[in-house]
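Quick notes on the structure that follows.
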Amino acid sequence: MTETPDQQRKEASAGLMEYSAESLVPFGPIHPALKEPEYFKLVLEGERIVNVIPRIGYVHRGLEKAAESRPWVQNMYMFERTCGICSFVHSVCYGQAVEELTMFQTPRRAKYIRTIILEMERIHSHLLWVGLMGHWAGFDTLFMWVWNDREVVLDLVEAISGNRVHKSMNAFCGVRRDMPENMEDRIVERMKFLTDRARYYREIIDTEETMLKRTENIGRVSADTVEKLCAVGPMARYVGLRRDVRLNDPYAAYDEIPLDIVTRNEGDVHGLLRLRLDELIASANVVSYAVKNLPDGPIRVKIPPIIPAGEHSSHCEAPRGEIFYYAKSSGGRTPERIKSRQPTMANLPTALEMLKGQTLADIPVVLTAIDPCFGCMDRMSFYDTETNRKWTWSGEELRQFGINYYFPERKKKQGSLAESVRQKASHVERAFAEEP
Amino acid sequence: MSETVTRFGSYAEEVGTKLTPLRKNESIVEIPQDKLKALISHLVNDLHVRHLMTITGLDLGQNLAITYHFSMEQDTIHVRTFVPKTEPVALSIVDIVPGAILYEMELHDMFGIEFVGNPWKDRKLLLPEEWPDDLPPPLLKSSKADQIRKRLGLEAAKK
Numbered sequence: 001m002t003e004t005p006d007q008q009r010k011e012a013s014a015g016l017m018e019y020s021a022e023s024l025v026p027f028g029p030i031h032p033a034l035k036e037p038e039y040f041k042l043v044l045e046g047e048r049i050v051n052v053i054p055r056i057g058y059v060h061r062g063l064e065k066a067a068e069s070r071p072w073v074q075n076m077y078m079f080e081r082t083c084g085i086c087s088f089v090h091s092v093c094y095g096q097a098v099e100e101l102t103m104f105q106t107p108r109r110a111k112y113i114r115t116i117i118l119e120m121e122r123i124h125s126h127l128l129w130v131g132l133m134g135h136w137a138g139f140d141t142l143f144m145w146v147w148n149d150r151e152v153v154l155d156l157v158e159a160i161s162g163n164r165v166h167k168s169m170n171a172f173c174g175v176r177r178d179m180p181e182n183m184e185d186r187i188v189e190r191m192k193f194l195t196d197r198a199r200y201y202r203e204i205i206d207t208e209e210t211m212l213k214r215t216e217n218i219g220r221v222s223a224d225t226v227e228k229l230c231a232v233g234p235m236a237r238y239v240g241l242r243r244d245v246r247l248n249d250p251y252a253a254y255d256e257i258p259l260d261i262v263t264r265n266e267g268d269v270h271g272l273l274r275l276r277l278d279e280l281i282a283s284a285n286v287v288s289y290a291v292k293n294l295p296d297g298p299i300r301v302k303i304p305p306i307i308p309a310g311e312h313s314s315h316c317e318a319p320r321g322e323i324f325y326y327a328k329s330s331g332g333r334t335p336e337r338i339k340s341r342q343p344t345m346a347n348l349p350t351a352l353e354m355l356k357g358q359t360l361a362d363i364p365v366v367l368t369a370i371d372p373c374f375g376c377m378d379r380m381s382f383y384d385t386e387t388n389r390k391w392t393w394s395g396e397e398l399r400q401f402g403i404n405y406y407f408p409e410r411k412k413k414q415g416s417l418a419e420s421v422r423q424k425a426s427h428v429e430r431a432f433a434e435e436p
Numbered sequence: 001m002s003e004t005v006t007r008f009g010s011y012a013e014e015v016g017t018k019l020t021p022l023r024k025n026e027s028i029v030e031i032p033q034d035k036l037k038a039l040i041s042h043l044v045n046d047l048h049v050r051h052l053m054t055i056t057g058l059d060l061g062q063n064l065a066i067t068y069h070f071s072m073e074q075d076t077i078h079v080r081t082f083v084p085k086t087e088p089v090a091l092s093i094v095d096i097v098p099g100a101i102l103y104e105m106e107l108h109d110m111f112g113i114e115f116v117g118n119p120w121k122d123r124k125l126l127l128p129e130e131w132p133d134d135l136p137p138p139l140l141k142s143s144k145a146d147q148i149r150k151r152l153g154l155e156a157a158k159k
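Structure follows, in structure tokens:
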């Protein structure tokens, strides 16, 4: 590639005036060395996106098929590996679907411990997302601050469960580890610290020019569209729908804990930022309440390995939205069928709707906004059908393009950075190409 | 059981089927293919149960079951329909619930069910492009993981 992104942008805009024809942009083919790969075929009119066709499944691992040949207990820890960010909620949801088939009840203390971990996971996931938003919008200071604060909650999770991400702490009708003693004061103090930080970040995103310019009025959709497309979680709440499983169909200890469900009405990416930071504060309150009111008693009921025949479904509120598990047993040691549906699958149609009408420069911000479980920004290839011109951008270059588009005054400094990144990328590419 | 579910139950009886409670807040209705769209249309448009959680496929031997999971506040309603395995063709509900589009594509990939009326029904969503046509869809009971691995040339990767 010889031209700078800016020259290309000029040419692309010139193209808009000369040709009204549509061009096809294949977005994000795959490479094993890159981040989670997904593929979108974008139809552009000049710089405006008019249609998007998704192609997912490059990292599909066939967990549902694998579950049919594994014992019930083993599946719990396999489904926990569905996601590397919100792992615990998967084992809770799968566990609930199976627990309902047995006649055993989960002890109250275990429900509270589950709630504490679930909400800590939400705080950790939302902080991760706010940081990534800062990164893709061109505000890396925010990214570094937020990820530093994320360590606070990860340390707490590690102190309780022994692990940072894959806790492997859940069990059927209970949890495997009790809360450590004398943690209460430490957790409450840390939650207060995180609440203060979240308030501060809220102030930043409302006043800082970079974030305002990149997120306000970007990715607008109406509440009616969102409802029709069956979006879940923050993607439904940011247009004012009160769709939250914790409120509608309480599980774990949510029926006993006062919960503040946040909804907003802006319906743009900035509203999503506000919503997730407010939710973070609400989650911190839930954790503090649960820790202070933790009931005494057993933490687990042991159940036999054979699950009675029957079918049941369960849904839970993961940080990204509702997850759904369906379990069918024929009375054996292995399940007859397990179905799991993740929130990104439910939110994808809405994300495609959000992309329509946006420019090329908004792709990173809009796709990050749904908090996708794929980091798919790497490698884009462009093809203009009229001029037969082809070019390829890596995710980093696309990010630079977006930043330069909105903040041309930063162009010179950023341009040299993009150049070095490009050199590095081509070096890696050559290394892969040379391999037999 | 809320009022909406009771009303839905009486409508189900009108069209000649029955809403069976599974447990608290959860009920299931089984309906043949030809009456499915009318039932779902009543549920979505008249009763405003608009949130489709997902669609599940089940291999029952002779037939395939398609279950639509709807949720409204605390209630979950499962609508189940059947298609024969020899001719797996079902009607798409994308015109009633636009959010069903990806779930139907997923079922097409995993169970080989064709959804008439889905605009993207011939596209692959999850399976690789080079998936052999003569191999049974992966989530059918007749499909074995070893067989898939062998045909896709993944044996070496496993070792």
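Residue numbers (our numbering), protein chains in the order written: chain A, 1 to 436; chain B, 1 to 159.
Positions of the beta carbon are idealized from the N, C-alpha and C atoms, including for glycine.
As the structure is a computational prediction, the values presented were derived from the model and not from experiment.
Using the three-state DSSP reduction, which class does Val165(A) fall into: helix, strand or coil? It is coil, neither helix nor strand.
Name, please, each residue of chain A whose Cβ falls closer than 8 Å to the Cβ of Ala145(B). By Cβ distance, chain A contributes Gly62, Lys65, Ala66 and Ser69.
Cα separation between Glu279(A) and Ile113(B)? Computed Cα separation, rounded: 40 Å.
Between Met72(B) and Val49(B), is the Cβ-Cβ spacing less than 9 Å? Closer than 9 Å, so yes.
Give, in chain order, every residue of the region 337–366 of chain A whose Cβ lies closer than 8 Å to some Cβ of chain B. Within the region 337–366 of chain A, the residues whose Cβ lies closer than 8 Å to any Cβ of chain B are, in chain order, Arg337, Lys339, Arg341, Met345, Ala346, Leu348 and Pro349.
Where in the region 281–335 of chain A do unbroken runs of the beta strand (DSSP E), each at least 3 residues long, occur, reported from the N-terminal end onward? Listed in chain order, the beta strand (DSSP E) elements of length 3 or more contained wholly in the region 281–335 of chain A are 310–318 and 321–329.
Report yes if the C-beta distance between Ile55(B) and Tyr103(B) is below 9 Å; otherwise report no. In this structure, the beta-carbon distance from Ile55(B) to Tyr103(B) falls below 9 Å.
I want to see whether chain A comes within less than 9 Å of His42(B), judged by CB atoms only; does it? Not an interface residue.
For the alpha helix (DSSP H) that Ala351(A) lies in, which residues bound it at each end? It spans Pro343 to Leu355 - the alpha helix (DSSP H) in which Ala351(A) sits, taken as one unbroken run.
Mind checking Thr82(A): buried by the 16 CB within 10 Å criterion, or exposed? Flag for Thr82(A) reads buried.
For Arg177(A), which of helix, strand or coil comes out of DSSP? Coil.
Completely contained alpha helix (DSSP H) runs for the region 92–177 of chain A, where each covers 4 or more residues: Runs of alpha helix (DSSP H) with 4 or more residues, each lying fully within the region 92–177 of chain A, are found at 108–137 and 140–161, listed in chain order.
If the cut is a Cβ gap below 9 Å, which residues of chain A does Arg7(B) touch? In chain order: nothing, as chain A lies at least about 19 Å away.
Can you round the beta-carbon distance between Lys167(A) and Ile117(A) to whole angstroms, since I take them to be within the 8 Å contact cut? Right, the Cβ-Cβ distance comes to about 6 Å (below 8 Å), so this counts as a contact.
Can you give me the start and stop residues for the beta strand (DSSP E) that Phe40(A) sits inside? First-last of the beta strand (DSSP E) with Phe40(A): Tyr39 to Glu45.
Do you know offhand how far Arg214(A)'s Cα is from Arg242(A)'s? Answer to the nearest angstrom: the Cα atoms are 27 Å apart.
Just confirm the distance between the C-beta atoms of Tyr200(A) and Val146(A), as a whole number of angstroms; I'd bet it's less than 8 Å. Approximately 10 Å separates the beta-carbon atoms of Tyr200(A) and Val146(A); this is outside 8 Å, ruling out the contact.
Counting only beta-carbon separations shorter than 9 Å, does Gly153(B) have a partner in chain A? In terms of beta-carbon proximity, Gly153(B) stays away from the interface with chain A, with every pair separated by 9 Å or more.
Using only the alpha-carbon positions, how far apart do Leu355(A) and Glu47(A) sit? Taking the straight line joining both Cα atoms gives about 12 Å.
Counting Cβ pairs, one atom from each stretch, are 3 or more of them under 8 Å apart for the region 341–350 of chain A and the region 221–239 of chain A? Enough Cβ pairs lie closer than 8 Å, so yes.
Would a C-beta distance cut-off of 9 Å place Val79(B) and Pro119(B) closer than the cut-off? The beta carbons of Val79(B) and Pro119(B) sit no closer together than 9 Å.
Is it buried or exposed, Ala361(A), if we count other Cβ atoms within 10 angstroms and call 16 or more buried? Its Cβ being crowded by 16 or more others within 10 Å, Ala361(A) is buried.
For a cutoff of 9 Å on Cβ pairs, would you count Lys302(A) as touching chain B? Cβ-Cβ to chain B under 9 Å: no for Lys302(A).
Taking Cβ to Cβ, would you say Val365(A) is nearer than 9 Å to Val269(A)? Yes, the pair counts as a contact, with Cβ atoms nearer than the cut-off.
Might you give, ordered along the chain, the residues of its own chain that have their beta carbon closer than 6 Å to the beta carbon of Asn75(A), omitting 5 neighbours on each side? Hits under 6 Å: Ala67.
With distances taken between CB atoms, is the gap from Pro132(B) to Leu152(B) smaller than 9 Å? Against a cut-off of 9 Å, the Cβ pair of Leu152(B) and Pro132(B) comes out as a contact.
Cutoff 8 Å; reference His126(A); Cβ partners in own chain excluding five residues on either side: Here the set comprises Arg276, Leu277, Glu279, Leu280, Ser283 and Pro319.
From Val98(A) to His315(A), what distance separates their C-alpha atoms? Roughly 12 Å separates the two Cα atoms.
Beta-carbon spacing of Ile49(A), Gly267(A) below 9 Å: Their beta carbons are not under 9 Å apart, which means Ile49(A) does not touch Gly267(A) by this criterion.
Run of the alpha helix (DSSP H) containing Asn248(A), from where it starts to where it stops: For Asn248(A), the uninterrupted alpha helix (DSSP H) run begins and ends at Val245 to Asn248, by DSSP.
Listing by chain order, which chain E residues have their CB less than 8 Å from the CB of Lys328(A)? In the structure shown, chain E does not exist; the protein chains are A and B.
Check each candidate in Phe82(B), Lys121(B), Thr4(B) and Ser142(B) and name the one with the smallest Cα separation from Leu36(B). Among Phe82(B), Lys121(B), Thr4(B) and Ser142(B), the Cα nearest to that of Leu36(B) is on Phe82(B).
Taking the straight line between their C-alpha atoms, what separation do you get for Asp140(A) and Met211(A)? About 11 Å.
For the region 68–83 of chain B, enumerate the residues whose C-beta is nearer than 9 Å to any C-beta of chain A, in chain order. Look at the region 68–83 of chain B: the residues with a C-beta under 9 Å from a C-beta of chain A are His69, Ser71, Met72, Glu73, Gln74, Asp75, Thr76 and His78.
Contact list for Leu125(B) against chain A, beta-carbon separation under 9 Å: Within chain A, the residues near Leu125(B) are Pro54, Arg55, Ile56 and Gly57.
Neighbour-count burial assignment, Asn293(A), 16 or more Cβ in a 10 Å radius: Asn293(A) is exposed by the Cβ-count criterion.
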